[in-house]
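Participant:
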Amino acid sequence: MIWDELESALGEIDAAGLRRRRRTLAAPCGPLAVVDGKPLISFCSNDYLGLAADQALIAAACAGAQAWGVGSGASHLVSGHQSPHQALEEKLAAFTGFARALLLSAGYMANLAIVPALVGRGDAVFADKLNHASLIDAVQLSRADSQRYSHGDLAMLERLLAKSTARRKLIVTDAVFSMDGDLAPLPGLLELAERYDAWLVIDDAHGFGVLGEHGRGTLAHYAIDPNNPRLVYMGTLGKAAGASGAFIAASQQVIEWLLQRARTYIFTTGASPLIACALLASIDLIAADEERRTHLRELAEQLRAGLAATRWQLLPSPTAIQPVIIGDNHEALHVAGALYERGFWVPAIRPPTVPKGTARLRVSLSAAHTAEQVAALVAALQDLA
Ligand SMILES: *Cc1c(COP(=O)(O)O)cnc(C)c1O
Numbered sequence: 000m001i002w003d004e005l006e007s008a009l010g011e012i013d014a015a016g017l018r019r020r021r022r023t024l025a026a027p028c029g030p031l032a033v034v035d036g037k038p039l040i041s042f043c044s045n046d047y048l049g050l051a052a053d054q055a056l057i058a059a060a061c062a063g064a065q066a067w068g069v070g071s072g073a074s075h076l077v078s079g080h081q082s083p084h085q086a087l088e089e090k091l092a093a094f095t096g097f098a099r100a101l102l103l104s105a106g107y108m109a110n111l112a113i114v115p116a117l118v119g120r121g122d123a124v125f126a127d128k129l130n131h132a133s134l135i136d137a138v139q140l141s142r143a144d145s146q147r148y149s150h151g152d153l154a155m156l157e158r159l160l161a162k163s164t165a166r167r168k169l170i171v172t173d174a175v176f177s178m179d180g181d182l183a184p185l186p187g188l189l190e191l192a193e194r195y196d197a198w199l200v201i202d203d204a205h206g207f208g209v210l211g212e213h214g215r216g217t218l219a220h221y222a223i224d225p226n227n228p229r230l231v232y233m234g235t236l237g238k239a240a241g242a243s244g245a246f247i248a249a250s251q252q253v254i255e256w257l258l259q260r261a262r263t264y265i266f267t268t269g270a271s272p273l274i275a276c277a278l279l280a281s282i283d284l285i286a287a288d289e290e291r292r293t294h295l296r297e298l299a300e301q302l303r304a305g306l307a308a309t310r311w312q313l314l315p316s317p318t319a320i321q322p323v324i325i326g327d328n329h330e331a332l333h334v335a336g337a338l339y340e341r342g343f344w345v346p347a348i349r350p351p352t353v354p355k356g357t358a359r360l361r362v363s364l365s366a367a368h369t370a371e372q373v374a375a376l377v378a379a380l381q382d383l384a
């Protein structure tokens, strides 16, 4: 029976140290979490700039709810596209330098929007092996031929592109890899896209707001011109931007095509207008408040310096994502558990989120952390070593 099969499959998940459990927080998103009455310093969230519970965003969301209500009531193409949504799209396009932007309710949905709308059977997608699950699913959904290249391996990608006879070619990559914190070689990828007549789709979930001048993202970090018609950019709004949702930015034609064809844009209710209002305030803060990014960089340097001489080896990440590779699933859980006992909440990330044998602690820093909190984590890790 199917029930027994599920029961034994769940047993196997337990045996492999892969059972996932949720913890219910009794506090807003921030460095101080409360779980089961226990106060914890949290290094879990992707709220890299500390905006998720920022007073300016809260005020904008409250004013937005007063002016526009809570729900949009329909999909954007029917009657769910309100002035705050339109203003936010225009602001995001101007901020990132693209001709036009399209707002979606989640990054997952945005990736599922892009790939199947641009390629189908007979086309080919070239994907970095460490891409986010939503990009992997997007490629499957498109029915295009899927070719994966080793992480950041431009030579391997070039061999695959040179061999391909596909009509349309799409290179898809995370800009900042979500579990490693390293950057994709975007200039090299763009050069290959030019040479082999391909499109380049960039998922900047972890770079938008954090990297580049004014936090404009990983393209700005590399000084890549957003007016290149081969670029399709995706940024999420639930991480550094502190709320929820995502946007796609590209040329006028690509955005118009997505608006006509992307099923995860068309067949879903428009984002809440109060979220759009909060995000309008968030983009202003991201652009203006350089101090948050400076503080975040300093915290990353502090953590790296503090762990440099210990057994805890960090991956070479220039971002807010600082993973400590442990390897074994059970050991990763054990270390995370020991930290938890000491009042530090650091997630153990295990397969299938990361490749087998690379279970890790994913330390995620935020501008809302203090230097004292990072020093306390370093001390606890040194003690556990
Ligand atoms: C978080 C994430 C997404 C999904 O974005 P949501 O808005 O959370 O759905 C997509 N891509 C990457 C790389 C991510 O880290």
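Note that numbering that gives the first Met the number 0 gives residue 53 to position 54 of the sequence shown, counting from 1, and the numbers run on in steps of one.
Where is the CB? At the ideal position from N, CA and C, for every residue including glycine.
Please read all numbers here as calculations on a predicted model, not as lab measurements.
According to DSSP, is P350 helix, strand or coil?
Facilitator: Coil.
Participant: Report yes or no: do three or more beta-carbon pairs, one from the segment 325-335 and one from the segment 243-261, lie closer than 8 Å?
Facilitator: no
Participant: Just to confirm, is the Cβ distance from Q295 to A366 under 9 Å?
Facilitator: Checking the sequence, you will find Leu at residue 295 rather than Gln. Going by C-beta atoms, L295 is nearer than 9 Å to A366.
Participant: For ligand 1, any of its heavy atoms closer than 8 Å to the Cβ of T235?
Facilitator: Yes, the beta carbon of T235 sits closer than 8 Å to at least one heavy atom of ligand 1.
Participant: With the cut-off set at 9 Å, would you say P346 and G180 are in Cβ contact?
Facilitator: At least 9 Å separates the beta-carbon of P346 from that of G180.
Participant: Looking at C-alpha atoms only, which residue of A245, R229, K238 and I265 is the closest neighbour of Q252?
Facilitator: R229
Participant: Could you tell me which of E212, G206, S163 and L156 sits nearest to L189, measuring between CA atoms?
Facilitator: L156
Participant: Starting from the N-terminal side, write out each stretch of the beta strand (DSSP E) that is 3 residues or longer and does not extend beyond the segment 118-191.
Facilitator: 123-127, 144-148 and 168-173
Participant: For the candidate residues T164, G151 and I265, whose alpha-carbon lies nearest to that of V171?
Facilitator: Of the candidates T164, G151 and I265, the one whose C-alpha sits nearest the C-alpha of V171 is G151.
Participant: Enumerate in chain order the residues of its own chain whose CB-to-CB distance from A299 is below 7 Å, with the five nearest sequence positions on each side excluded.
Facilitator: A319, Q321 and L364
Participant: Is the closest heavy atom of ligand 1 to the C-beta of S365 under 8 Å?
Facilitator: no
Participant: My output table needs one value for M108: the three-state DSSP class, helix, strand or coil.
Facilitator: Note: M108 maps to helix in three-state DSSP.
Participant: To the nearest whole angstrom, what separates the beta carbons of H213 and K238, a pair I think is in contact under 8 Å?
Facilitator: About 17 Å; that fails the 8 Å criterion.
Participant: Would you mind listing the beta strand (DSSP E) stretches within the segment 276-327 that are 3+ residues and don't spill past its ends, in chain order?
Facilitator: 320-326
Participant: Spell out a yes or no on whether the segment 182-196 and the segment 137-144 are touching, meaning 3 or more CB-CB pairs, one atom from each, closer than 8 Å.
Facilitator: no
Participant: Following the continuous alpha helix (DSSP H) through T95, name the residue where it begins and the one where it ends.
Facilitator: Its alpha helix (DSSP H) spans residues S82 to T95.
Participant: What are the partner residues of I1, as DSSP defines its beta bridges?
Facilitator: According to DSSP, which records beta bridges pairwise, I1 is partnered with nothing at all.
Participant: Using CA coordinates, which residue listed in A161, M178, L210 and H220 is at the minimum distance from D196?
Facilitator: A161
Participant: Could you tell me how far apart the beta carbons of D203 and G234 are, in whole angstroms, since I believe they sit closer than 8 Å?
Facilitator: 5 Å
Participant: My guess is that A219 and V231 are in contact by the Cβ rule of under 8 Å, so how many angstroms apart are they, rounded?
Facilitator: In fact, because the Cβ distance is near 16 Å, the residues do not count as touching under 8 Å.
Participant: With 16 as the cutoff for other CB atoms within 10 Å, does Q65 come out buried or exposed?
Facilitator: exposed
Participant: Y264 lies in the alpha helix (DSSP H); which residues open and close that run?
Facilitator: From DSSP, the alpha helix (DSSP H) with Y264 extends over R262 to I265.
Participant: Using the C-alpha atoms, what's the distance from R18 back to R349?
Facilitator: 10 Å
Participant: Report all residues from its chain with a CB closer than 6 Å to the CB of I285; omit the five preceding and five following residues, and keep chain order.
Facilitator: Within the same chain, Cβ atoms closer than 6 Å to the Cβ of I285 are found at G208 and G214, the five residues on either side in sequence being excluded.
Participant: When you compare each of V124, R310 and T352 to W198 by their alpha carbons, which one comes out closest?
Facilitator: Put simply, of V124, R310 and T352 the residue whose alpha carbon is nearest the alpha carbon of W198 is V124.
Participant: How about P272 and Q81: do their beta carbons lie closer than 9 Å?
Facilitator: yes
Participant: Answer yes or no: do S104 and S316 have a C-beta to C-beta separation smaller than 9 Å?
Facilitator: no
Participant: Would you mind working out which of L169, R99, A73 and K90 sits nearest G119, comparing C-alpha positions?
Facilitator: L169
Participant: Does the Cβ-Cβ distance between D122 and A109 come in under 9 Å?
Facilitator: no
Participant: Are G29 and A51 touching if we call contact CB-CB under 9 Å?
Facilitator: Contact flag set, yes.
Participant: Per DSSP, which one or two residues make a beta bridge with G234?
Facilitator: BP columns for G234 point to F246.
Participant: Would L306 and Q381 qualify as a contact pair, given that the criterion is a beta-carbon distance under 9 Å?
Facilitator: yes
Participant: Determine whether the beta carbon atoms of A416 and T293 lie at a separation below 9 Å.
Facilitator: Because residue 416 is not part of the residues shown, which for the chain are 0 to 384, the question remains open.
Participant: Straight-line CA distance for A92 to I1?
Facilitator: Taking the straight line from one Cα to the other gives about 49 Å.
Participant: Taking all protein chains shown into account, decide if D35 is buried (16 or more other Cβ within 10 angstroms of its Cβ) or exposed.
Facilitator: Exposed, because fewer than 16 other Cβ atoms sit within 10 Å of the Cβ of D35.
Participant: State the DSSP-derived secondary structure class of L103, mapped to helix, strand or coil.
Facilitator: Collapsing the DSSP output to three states places L103 in a strand.
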